[in-house]
Every structure is written in C-alpha cells, then in structure tokens.
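Visitor:
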Amino acid sequence: MSERSIEVVDDAGVVRLTITRPKALNALNSAVLTELEGVLTELEARDDLRAVLITGAGDKSFVAGADIAEMREKTPEEARAFASQALRTIKRLETLPVPVVALVNGFCLGGGCELALACDWAVASDNAVFGQPEVLLGVIPGFGGTQRLPRRVGPAMALDLCTTGRKIDAQEALRIGLVNRVMPQAELETYADELAQQLGGNGPQAVRAAKQAIHDGMDQDLDSALALETALFAFCFAGDEQSEGMSAFVEKRKPHF
Ligand code: HXC
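Note that the working numbering gives residue 80 to position 7 of the sequence shown, counting from 1, and the numbers run on in steps of one.
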C-alpha cells in the first residue's frame, strides 16, 4: 500500500485536508489527485459535513503546482486525460455543499493557485507566493486557471499573470482579491481553529443554503438569482434551525445547532 498524501482530520464535521508531498513542495501528481478524489467522494456522502479547510504540509508550500516531472513526457492525449482528471477533482471540491477554505501557507503556483481558486475563499500567510507560471514551461494553466482566475480578479489581471508568469506576494494577492486575508504564518493555525469553531457553530442548513444561493445565483440573471434566494430563505424556515436561532436570540442564550 502506497503512502497517503492527503491527511484528513475531522473535528465534528469540520474537515481539514493537508496535502503532504514534502519532496515536491506538495505538487499534485495523478496519484495525489486520485487520492483527493477518493477523499471527496467520502465527504460528498456526509450529511454531517460542515466545512472543509485545505492546506499544504510544512511551512514552505501550499501546492507548487502540478507535478512537472510527471507531465514532462506526456503526449497531448495523456495531457488531456491528466487535465480532465484534475478539473473533475477540483470541481468536486468546489461543489461540496459546505464552505471550502484554502489556507495558503507558502508557494501557491500553477495548479496550486488553481486549487485555491476553486475554494470558496482563501487566506494566506505573509510568506505566500502566487502565480500562474505555466507559460515559463511552454504550457497554459490546465486546472481551470484561465477561467476561474479572471472570474476572481478580472480578465486584465488574469491575462497579466497568465501571460507573464510573474509571481506575486501575499499583499498583492490581497489587493487584487485573490485572497481574503493575509496574516503571519504563525497565526494561520489559530485562524484555522477560529474558523472551524465559527463555521462549525453556525446553523449547518443555513450555511449550506448561503453557499448554494451564491454559487448557483452567480450563474443566473439577477431576477432568477433573487428568486433563488427567496426560495432558499423560505426553505430555512422549514427545519429546526431558524426556530432555534431566533428563539436563542429572544431568550438571550447561545443557539445549539
Ligand atoms: C514537481 C516540484 C515542483 C513541481 C517543486 N518541485 N515544484 N516537482 N513539480 N511543480 C520539487 C523540485 O524539483 C525540488 O525537487 C523540490 O520540489 C524543491 O524545489 P526547489 O526548486 O529546490 O525549491 P526552491 O528553490 O525553494 O524553489 C521553489 C519553487 C520552484 C519556486 C516553487 O520549485 C518552482 O518554481 N517550482 C515549479 C513551480 C511551477 O512552475 N508550478 C507550475 C507547474 S505547471 P528536488 O528533487 O530537486 O529536491 C502546472 C500546470 C497545471 O501547475 C495544469 C496541468 C494540467
């Protein structure tokens, strides 16, 4: 049995995934992608899932990209199969029904940046480095970067990054909206704990509804999307959560979700 490259830690439905390939700065090869897809299949089946936090092992790298050594010899057909596998896996991460947050703790390049882009939001340590350096290797992003990056930071900045291959630091990533927050690396773990508490403590049905409203609404015209919001808002009143949340407020106590 080969070594596992995805560490999974479950704290009452808040699942932390750590990509662990220290020899290659956590670069993603086919084996890691297959393992990640297996983990996601298990997570998709869980009704008690509340949030997913994803990071890279160590203090140097989140994910340094797709594995260049593995890609080097690929034929166009093999490259297509590899990109398709990665796209499918990353899409499954993106469409988990709960918030998925990237904790970017170092190099976040190529496929690593594309993985972070598929997360609902990203938080970076101050030593994080971002980029889509594929053109330096004679290729373009293949894990969704040419599509998700412009949707996150706008087409001009996406073109800048994807055609120059330049790397940017965490502060620039914050300025362009690639990440939501930057903090010293030593604080990332504490932040992850706080986030796990927050996301794990909120009404799980409401949290899922919020993600669904935003994700599905973004693909629709405004009126349809507003109708979706109304439907999901009403749906929140169908379970126990709304009555518990509002009763707790009126009774001046903490809700138990
Ligand atoms: C395979 C990688 C790797 C990668 C690093 N390593 N990145 N192996 N694939 N993407 C390996 C190195 O070969 C080296 O192995 C070890 O990790 C440590 O890396 P160093 O280069 O020695 O570290 P450092 O000098 O600190 O430089 C760090 C770095 C650099 C700036 C991140 O490693 C780098 O530029 N990596 C490539 C980044 C990149 O171009 N990513 C995009 C890939 S293309 P040894 O055995 O020598 O110790 C992509 C396309 C996605 O992601 C779409 C595909 C369909």
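Don't be surprised by glycine CBs; every beta carbon is placed ideally from N, CA and C.
Count the C-beta pairs between the segment 111 to 125 and the segment 78 to 87 that are closer than 8 Å, then say yes if the count reaches three, no if not.
Guide: yes
Visitor: Assess, as a yes-or-no matter, whether the segment 89 to 107 is touched by the segment 177 to 185 under the definition of 3 or more beta carbon pairs within less than 8 Å.
Guide: yes
Visitor: Where do the N-terminal and C-terminal ends of the alpha helix (DSSP H) with Ser297 fall, by residue?
Guide: The count along the sequence shown starts at 1 and reaches residue 297 at position 224. Element bounds for Ser297: Leu295 to Cys309.
Visitor: In angstroms with no decimal places, state the Cα-to-Cα distance between Ser316 and Phe310.
Guide: Counting from one through the sequence shown, the residue named residue 316 turns up at place 243. Counting from one through the sequence shown, the residue named residue 310 turns up at place 237. Distance between the alpha carbons of Ser316 and Phe310: 7 Å.
Visitor: Could you tell me whether any non-hydrogen atom of the ligand HXC is closer than 8 Å to the CB of Lys346?
Guide: Limits of the chain in this structure are 74 at one end and 330 at the other, which puts residue 346 out of reach.
Visitor: Does the Cβ of Val177 lie closer than 8 Å to at least one heavy atom of the ligand HXC?
Guide: Counting from 1 along the sequence shown, the entry for residue 177 is found at position 104. Every heavy atom of the ligand HXC is 8 Å or more from the Cβ of Val177, so no.
Visitor: Can the beta-carbon of Leu176 be found less than 9 Å from the beta-carbon of Ala259?
Guide: Taking the sequence shown and counting its residues from 1, one reaches residue 176 at position 103. Taking the sequence shown and counting its residues from 1, one reaches residue 259 at position 186. The answer is no: Cβ separation not under 9 Å.
Visitor: Considering Cα atoms alone, identify which of Glu324, Asp233 and Ile141 is closest to Ser103.
Guide: Indexing the sequence shown from 1 puts residue 103 at position 30. It is Ile141 whose Cα lies nearest to the Cα of Ser103.
Visitor: State yes or no: is the C-beta of Pro206 nearer than 8 Å to some heavy atom of the ligand HXC?
Guide: Position 133 of the sequence shown holds residue 206. Pro206: yes, Cβ under 8 Å from the ligand HXC.
Visitor: Helix, strand or coil, according to DSSP, for Ser78 in the structure here?
Guide: Mapped onto the sequence shown, residue 78 falls at position 5. Of the three classes helix, strand and coil, the one that applies to Ser78 here is coil, per DSSP.
Visitor: So for Lys240, helix, strand or coil by DSSP?
Guide: In the sequence shown, residue 240 corresponds to position 167, counting from 1. Correct three-state label for Lys240: strand.
Visitor: Name the two residues that bound the continuous alpha helix (DSSP H) containing Ile287.
Guide: As a first step, residue 287 must be located in the sequence shown, where it is residue number 214. Start and end: Pro277 to Met291.
Visitor: Using DSSP with H/G/I as helix, E/B as strand and the rest coil, what is Thr91?
Guide: Working through the sequence shown from its first residue, we reach residue 91 at position 18. Thr91 falls in the strand class under three-state DSSP.
Visitor: Determine the closest residue to Arg254 out of Leu190, Arg165, Val196 and Gly218, with distance taken between C-alpha atoms.
Guide: For the purposes of this step, residue 254 is identified with residue 181 of the sequence shown, where counting begins at 1. Out of Leu190, Arg165, Val196 and Gly218, Val196 has the C-alpha closest to the C-alpha of Arg254.
Visitor: Can you tell me whether Asp199 is helix, strand or coil according to DSSP?
Guide: Locating residue 199 in the sequence shown gives position 126, where the first residue counts as 1. In the structure shown, Asp199 sits in coil (DSSP, three-state: anything other than H, G, I, E or B).
Visitor: What residues match up with Phe180 in a beta bridge as DSSP calls it?
Guide: Walking along the sequence shown from the start, residue 180 turns up at place 107. Looking at the DSSP assignment, Phe180 forms a beta bridge with Ser134 and Val202.
Visitor: Given this structure, state the Cα-to-Cα distance separating Ala231 from Pro223, to the nearest angstrom.
Guide: Translated into the one-based positions of the sequence shown, residue 231 becomes position 158. Translated into the one-based positions of the sequence shown, residue 223 becomes position 150. Looking at the two C-alpha atoms, the distance is approximately 5 Å.
Visitor: Taking the continuous beta strand (DSSP E) assigned at Leu126, which residues delimit it?
Guide: Here residue 126 corresponds to residue number 53 of the sequence shown, with the count starting at 1. Note, Leu126: beta strand (DSSP E), Ala124 to Gly129.
Visitor: Output needed for Leu166: all residues of its chain with C-beta closer than 8 Å, excluding positions within five of it in sequence on either side, in chain order.
Guide: Here residue 166 refers to the residue found at position 93 when the sequence shown is read from its first residue. Contacts found: Leu109, Leu113, Val125, Ile127, Val173, Leu188, Ala191 and Cys192.
Visitor: Touch check for the segment 236 to 246 and the segment 201 to 219: three-plus C-beta pairs under 8 Å?
Guide: yes
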